Amino acid sequence: MKTMKIILAIITCSFFLNKLFAQESNGEIIPCEEIRIMCSQSKGGNYIIKSETEYHAQIKNRSPHPDCSSYELPTIDFTKYTLLGIVTGTYGCSPPTVEHNVYYTSFNNTYLFELKVKRHGDCLLNLSFEVWCLVPKIPDGSNVEFKGSELQ
């Protein structure tokens, strides 16, 4: 009987620890305001923008479209915010459906920008897109990771 109580206690503790670590591994969702940046011809990749200089570099290679000659970037206070961006592409018959979240995990001081993309059709049309996410200022020394996956 005593052995049974010990086994039950171990199973209960394991269950709660597993729940705790599973929650922590997903991380806390960080509020993200999607920013629309027009007229930029940013190269594909992941971006962590922490200053006005880095931000304005995004429009250095401006689109030749006539509407872009006087385009001004949205104003951002980089003392309060960090801008995360993913510039990528997929193929399909129409623009993809895109979902994104930013998570913070305290045990390893890591921010994760997760992007999920759902293609529409199997056409060979190359569809590039950008997702820019304004988050509360990410402290120096924090890790930032990017993860992309395709939804079925």
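Residue numbers (our numbering): 1 to 152.
Glycine is no exception: its CB is placed at the ideal position from the N, C-alpha and C atoms.
The model shown is predicted, which means the values in this text are computed figures rather than measured ones.
Quick test of your reading: residue i and residue j, contact by CB under 8 Å. State the CB separation rounded to the nearest angstrom.
{"i": "S42", "j": "E130", "result": "7 Å"}
{"i": "I30", "j": "P136", "result": "7 Å"}
Taking the alpha-carbon positions, what's the residue i to residue j distance?
{"i": "L73", "j": "C39", "result": "9 Å"}
{"i": "G92", "j": "I138", "result": "35 Å"}
{"i": "S70", "j": "R62", "result": "10 Å"}
{"i": "D140", "j": "L151", "result": "33 Å"}
Quick check on residue i: buried or exposed, where buried means 16 or more other Cβ atoms within 10 Å of its Cβ?
{"i": "T53", "result": "exposed"}
{"i": "D67", "result": "exposed"}
{"i": "C123", "result": "exposed"}
{"i": "L125", "result": "exposed"}
Residue j and residue i - do their beta-carbons sit closer together than 7 Å?
{"i": "E33", "j": "Y104", "result": "no"}
{"i": "G45", "j": "V87", "result": "yes"}
{"i": "I35", "j": "L112", "result": "no"}
Would you verify that the beta carbon of residue i is, or is not, closer than 7 Å to some beta carbon of chain D?
{"i": "D67", "result": "Among the chains of the structure shown, chain D does not appear; only one protein chain is present."}
### Message
Quick check on the DSSP output: what are the complete beta strand (DSSP E) runs of length 3 or more inside the region 64-130, in order along the chain?
### Response
81-105
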